[in-house]
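Novice: Starting off with a structure, shown below.
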Amino acid sequence: LREDWESREFGRTLSVEDRLRSDQTCVLRGLSRRVRQTVERRAREERMLGMAFVSCSPCGRSGKDALTRGGVRRGVLREGEYRARARVGNSQRVSVVTKPQVVSPGDAPKRKTRGTGRAAEVHTDGDALHDEPHHVALCAATAAFAGLNAVLVAIALFSGVASPIAVSLALLAGYCFADFGTGVYHWSVDNYGSRSTPVFGYQIDAFQGHHKSPWTITERDTFNNLHRACVPVLPVLVFMFAAGSVIPPSARAFLTLFLGAVVACQEIHKWAHMVAPPKLAVAFQNAGLLLSRREHGQHHNSPFEGNYCIVSGWCNSFLDRFEFFRRLEVFFFRRVGTEPIAWQLDPAIKEAALA
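Residue numbers (my numbering): 59 to 413.
Here's what the structure looks like:
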């Protein structure tokens, strides 16, 4: 399609240098309306996620040149060319040439997660992106006590003390409640408070800063990303294990999965921003068990007023359909007088909520 358009518009097929000098919008202008809308839609989706539409590698090397619903397909780029392809229907494709990204071999990243070409931005004072020994120790202790509580549940099941149906329902409820709980917490720190807020100021600043540079989370190391949630969760897991048989197996199963999902939610959140998350994470995303890029991308659109749940995303459609968060905002506004940030970004949301 591109070459046909070039022949009609310029009377010849453009060289690589001409294409690299061409503006992307100029190339898109000559394509069919359906193809152009598809390319622009995918570009908007990637901007919502804080990622670039084009993911490419230095010229002459194998790189990612196709962003599709299922992930990133690999292809070989001709020397000097950088292109992105969008699938249209079942067969048509369009290539859009963009400016090259010059990367020396020594500057190449160890892992390709986002493809934006933008540097990570840390908005909170004292924050860092790399793992520290105490991060690893905290996460390891949390995982250990979560595992010990899971062992107690398994012992109760095999000994006949607990009902498999009751434990299964407790696990399902724990996972759903974790999704709901992370949504409520996410909504609260996105809309209220600041860095100076007691106790929660750091988290509030980090979540609100995340909207300014959402790609930064993909550069966080795993233990760095998880350790803060371990601080309140670890004492609860230790108490549950020490309590022994005082806690019923179903309640232990519910709390263990709930707390484990709360700790893991930030890593699940990170996977929902990555261009190429781990294969197992992609499998769970495609199965609907983890928050997907498409689901979370709907949140990253100003004024950030919905799709707050960040474990499985199961609760998002229900909560947004019944305007759960709008009702909470009206409740607090009428009693405290504080407007959420979503209202400040879009006054129309305030008018609709108060109506």
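A virtual CB, placed ideally from N, CA and C, is assigned to each residue, including glycine.
#1: Count the other CB atoms, across all protein chains shown, that sit within 10 Å of the CB of Thr240; report buried if there are 16 or more and exposed otherwise.
#2: For Tyr243, name the three-state secondary structure that DSSP assigns.
#3: What's the C-alpha gap between Pro256 and Asn207?
#4: Contact check, Leu57 vs Ser375 under 8 Å by CB: the rounded distance?
#5: Under the assumption that Ala224 contacts Ser360 (Cβ atoms under 8 Å), give the Cβ distance between them as a whole number of angstroms.
#6: Can we say the segment 388-408 touches the segment 337-345, given the rule of at least three CB pairs closer than 8 Å?
#7: In three-state terms, what does DSSP make of Leu412?
#8: Here's a check: name, in chain order, each residue in its chain whose Cβ is nearer than 6 Å to the Cβ of Ala228, leaving out the five neighbours to either side.
#9: Hey, quick one: how far does the alpha helix (DSSP H) through Phe375 stretch, first residue to last?
#10: Can you tell me the Cα-Cα spacing of Ala334 and Asp183, whole angstroms?
#11: Does the distance from the CB of Phe432 to the CB of Val242 come in under 9 Å?
#12: Have a look at Asp404, Thr200, Ile368 and Gly267 and flag the residue whose alpha-carbon is nearest the alpha-carbon of Lys328.
#13: Per DSSP, what kind of secondary structure is Asp237 in: helix, strand or coil?
#14: May I ask you to report which of helix, strand or coil DSSP gives Val180?
#15: I need the DSSP call for Phe299, collapsed to helix, strand or coil.
#16: Smallest Cα separation from Asp263: which of His193, Asp185 and Leu315?
#17: Find out if the Cβ-Cβ distance for the pair Met332, Arg352 is shorter than 9 Å.
#18: Does DSSP put Ile305 in a helix, a strand or coil?
#19: Nearest to Val394 by alpha carbon, out of Tyr250, Gln266 and Ser271?
#20: Would you say Tyr366 reaches chain B, if we count a Cβ-Cβ gap shorter than 9 Å as a contact?
#21: Where do the N-terminal and C-terminal ends of the alpha helix (DSSP H) with Asp211 fall, by residue?
#22: I need the DSSP call for Pro222, collapsed to helix, strand or coil.
#23: Is it buried or exposed, Arg379, if we count other Cβ atoms within 10 angstroms and call 16 or more buried?
#24: To the nearest angstrom, report how far apart Tyr233 and Leu317 are at their CA atoms.
#25: Which residues bound the alpha helix (DSSP H) around Val394?
#26: Any idea if Ile213 is buried or exposed, counting beta-carbon neighbours within 10 angstroms, 16 or more meaning buried?
#27: For Val291, which three-state DSSP category applies?
#28: In whole angstroms, what is the alpha-carbon distance linking Ala319 and Gln402?
Specialist: The relevant details are as follows:
#1: Burial call: buried.
#2: Correct three-state label for Tyr243: helix.
#3: Between Pro256 and Asn207, the C-alpha separation is close to 32 Å.
#4: There is no way to answer for residue 57, as the model of the chain reaches only from 59 to 413.
#5: No, Ala224 and Ser360 are not in contact; Cβ-Cβ is about 44 Å, not under 8 Å.
#6: Judged by pairs of C-beta atoms under 8 Å, the segment 388-408 does not touch the segment 337-345, as fewer than three such pairs exist.
#7: DSSP places Leu412 in helix when its eight states are reduced to three.
#8: Cβ within range, chain order: Ser308, Ala311 and Phe312.
#9: Here residue 375 turns out to be Ser, not Phe, going by the sequence shown. Counting along the chain, the alpha helix (DSSP H) containing Ser375 begins and ends at Trp372 to Arg379.
#10: Rounded to whole angstroms, Ala334 and Asp183 show a C-alpha spacing of 29 Å.
#11: With the chain covering 59 to 413 only, the question about residue 432 has no answer from this structure.
#12: Answer by Cα proximity: Ile368.
#13: Note: Asp237 maps to helix in three-state DSSP.
#14: Here Val180 carries a coil assignment [DSSP, helix/strand/coil].
#15: Note: Phe299 maps to helix in three-state DSSP.
#16: The shortest C-alpha separation from Asp263 is found at Asp185.
#17: Not in contact: Met332 and Arg352 (Cβ atoms no closer than 9 Å).
#18: It is coil, neither helix nor strand.
#19: Of the listed residues, the one whose Cα sits closest to Val394 is Tyr250.
#20: Among the chains in the structure shown there is no chain B, since it carries only a single protein chain.
#21: Per the sequence shown, the amino acid found at residue 211 is Val instead of Asp. Where Val211 is concerned, the enclosing alpha helix (DSSP H) starts and stops at Pro191 to Phe216.
#22: Under the three-state reduction of DSSP output, Pro222 falls in the helix class.
#23: Under this definition Arg379 is an exposed residue.
#24: Between Tyr233 and Leu317, the C-alpha separation is close to 9 Å.
#25: Unbroken alpha helix (DSSP H) run through Val394: Phe382 to Val394.
#26: With fewer than 16 other Cβ atoms inside 10 Å of its own Cβ, Ile213 counts as exposed.
#27: Val291: helix per DSSP, three-state reduction.
#28: Straight-line spacing of the CA atoms in Ala319 and Gln402 works out to 32 Å.
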